[in-house]
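Be aware that the sequence shown starts at 1, since it is given in UniProt numbering, and climbs by one per residue. So the structure is just underneath, and the comments pick up after that.
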Amino acid sequence: MKERTNKVTIYDIAQALNLSASTVSRALQNNPLINEETREKVQQMSTEMGYVPNWIASSLRKKRSNILGLIVPRTSMYFQSTAISGIQHEAHKYGFSIVIGQSDDTVAMEKELVQTFFSLRVDGLLAVSSMFTTNYDHFAPIIKNNIPLVFYDRVPMDFQGYTITGDDFRGGFLATEHLIQQGCRRIAHFSGVLTCNLYQHRLAGYKAALAQYGIPFDEQLLYIHNLTTDAATAAAQQVFSQDTLPDGLFSANDTSAVAFIQEARRRGIAIPKQIKVVGYANDLSSRIITPSLTTIEQSGYNMGQKAVETLVQLINPGDNVKVTQNYVFPVELILRESTQA
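What follows is the structure in structure tokens.
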């Protein structure tokens with residue numbers, strides 16, 4: 001096995017260039033007190049010698065890491081991937097790097113990630129709670145040590161801090177109202193587990209639209225599952241095993257709506273002629289499925305940007321900057337073929 005060599009330090013660069021270590025340090029940070037010629041020499045020598053900055057040591061000295069932690073359920077989710085893009089771009093604008101942790105929608109991994117980011121001395125933490133997070137006790141190390149924390153999209157129940165969310169009640173109402181206006185009267189709903197704020201609010205919007213149009217809520221038309229393709233396919237099979245089919249479906253995400261449409265196609269059930277379908281999130285899949293899926297747009301990229309902007313304001317509070325504690329993005333109904341006759 002090849003013996004590991006010692007890491008190059010700023011003292012090695014200083015010795016090679018006959019400069020002081022403080023001059024090398026300032027040059028590597030592009031300090032304007034160091035002239036351009038010296039900065040270029042230091043940068044070139046650091047590259048040649050394979051110098052890698054020790055950001056942990058640097059953060060201990062400065063009491064600032066310039067790193068933001070980010071906890072998401074799954075990076076593969078379209079909404080989260082667009083939000084992460086907004087987060088990355090906005091963080092770079094403010095001079096922060098992002099370290100991403102994926103909870104896999106489990107509370108156990110979420111707890112582990114909180115401890116990891118606390119140990120990394122992140123300057124702030126952005127988080128999307130898992131579908132099964134019922135409280136935020138495990139975020140105590142972050143909160144008690146005054147590390148700014150912002151939840152976006154999914155928020156633990158009774159969280160009293162800073163949040164960035166979409167108007168999920170309004171989204172549930174718009175989706176259901178649209179189905180009613182298209183002539184549907186027996187509308188099924190695929191909901192995520194009700195420990196999660198998103199699905200509570202979307203379900204409340206669904207119920208409110210039914211009530212406004214004089215349609216009784218039917219518990220038998222509510223299917224609660226984790227909104228994955230497999231779970232939605234199983235739920236669709238339950239729906240199609242009933243003697244009386246619904247004439248509409250509002251699904252709390254696009255993944256389960258697409259799975260429903262695919263199962264309907266396998267059974268020769270025509271969408272939208274027999275059952276009209278509305279999803280939620282405006283995933284890429286909603287545009288390429290046949291028929292294309294009517295859905296609710298919730299602005300993932302913009303939500304990610306706003307989450308970083310809020311977190312940075314908490315990290316670097318300005319004298320005249322008032323940070324909105326609970327920012328709510330408007331939602332929009334996107335009309336496509338799955339509800340159009």
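Glycine included, each C-beta is placed from N, C-alpha and C at the ideal position.
Per DSSP, cross-strand counterpart(s) of residue i
i, result
"SER76", "SER76 pairs with nothing; no bridge assigned."
"GLU332", "GLU297"
"GLY166", "PHE329"
"LYS276", "GLY248"
"LEU311", "In DSSP, LEU311 forms no bridge with anything."
"ILE84", "BP columns for ILE84 are empty, so no partner."
"VAL99", "GLY69"
"LEU222", "HIS189"
"GLY124", "LEU68"
"PHE151", "ALA127 and THR163"
Residue i classed as buried or exposed, judged by whether at least 16 other C-beta atoms fall within 10 angstroms
i, result
"MET1", "Unreliable positioning characterises MET1 in this predicted model, as indicated by a pLDDT of 41, which lies under 50. The coordinate reading is nonetheless provided below. With fewer than 16 other Cβ atoms within 10 Å, it is exposed."
"GLU288", "At residue 288 the sequence reads Ile, which differs from the Glu that was named. Flag for ILE288 reads exposed."
"VAL239", "buried"
"MET45", "buried"
"GLY300", "buried"
"TYR152", "buried"
"ASN282", "buried"
"GLY304", "buried"
"ALA127", "buried"
"SER20", "exposed"
"GLU90", "buried"
"ASN31", "exposed"
"THR47", "exposed"
"ASP254", "buried"
"SER129", "buried"
"ALA14", "buried"
Alpha carbon of residue i to alpha carbon of residue j, nearest angstrom
i, j, result
"ALA231", "ALA257", "11 Å"
"SER191", "SER251", "6 Å"
"GLY268", "THR116", "50 Å"
"HIS189", "PRO148", "37 Å"
"VAL155", "LYS7", "43 Å"
"LYS170", "ILE142", "Lys is not the amino acid found at residue 170; the sequence shown has Arg there. Approximately 32 Å between the Cα atoms of the pair."
"GLU337", "GLN102", "34 Å"
"LEU17", "GLY95", "29 Å"
"GLY50", "LYS41", "14 Å"
"PRO317", "HIS225", "41 Å"
"VAL312", "SER286", "33 Å"
"LEU335", "THR244", "27 Å"
"PHE329", "ILE296", "12 Å"
Cβ-Cβ separation, residue j to residue i (assumed contact under 8 Å), whole Å
i, j, result
"MET157", "PRO73", "That belief does not hold up - the Cβ atoms of MET157 and PRO73 are roughly 16 Å apart, past 8 Å."
"GLU110", "ILE71", "6 Å"
"VAL122", "SER65", "6 Å"
"THR290", "THR339", "So it is not a contact: roughly 14 Å between Cβ atoms."
"ALA27", "THR38", "6 Å"
"LEU180", "TYR213", "According to the sequence as given, residue 180 is Ile; it is not Leu. That belief holds up - the Cβ atoms of ILE180 and TYR213 are roughly 5 Å apart, short of 8 Å."
"LEU120", "GLY69", "7 Å"
Any contact between the stretch 303 to 312 and the stretch 267 to 284? By contact I mean 3 or more CB pairs, one from each, below 8 Å. no
Is the stretch 324 to 331 in contact with the stretch 155 to 171, if contact means three or more CB pairs nearer than 8 Å? yes
Should the stretch 258 to 274 be called in touch with the stretch 197 to 217, which here means at least 3 C-beta pairs below 8 Å? no
For the 8 Å Cβ check, are there 3 or more pairs between the stretch 203 to 215 and the stretch 173 to 188? yes
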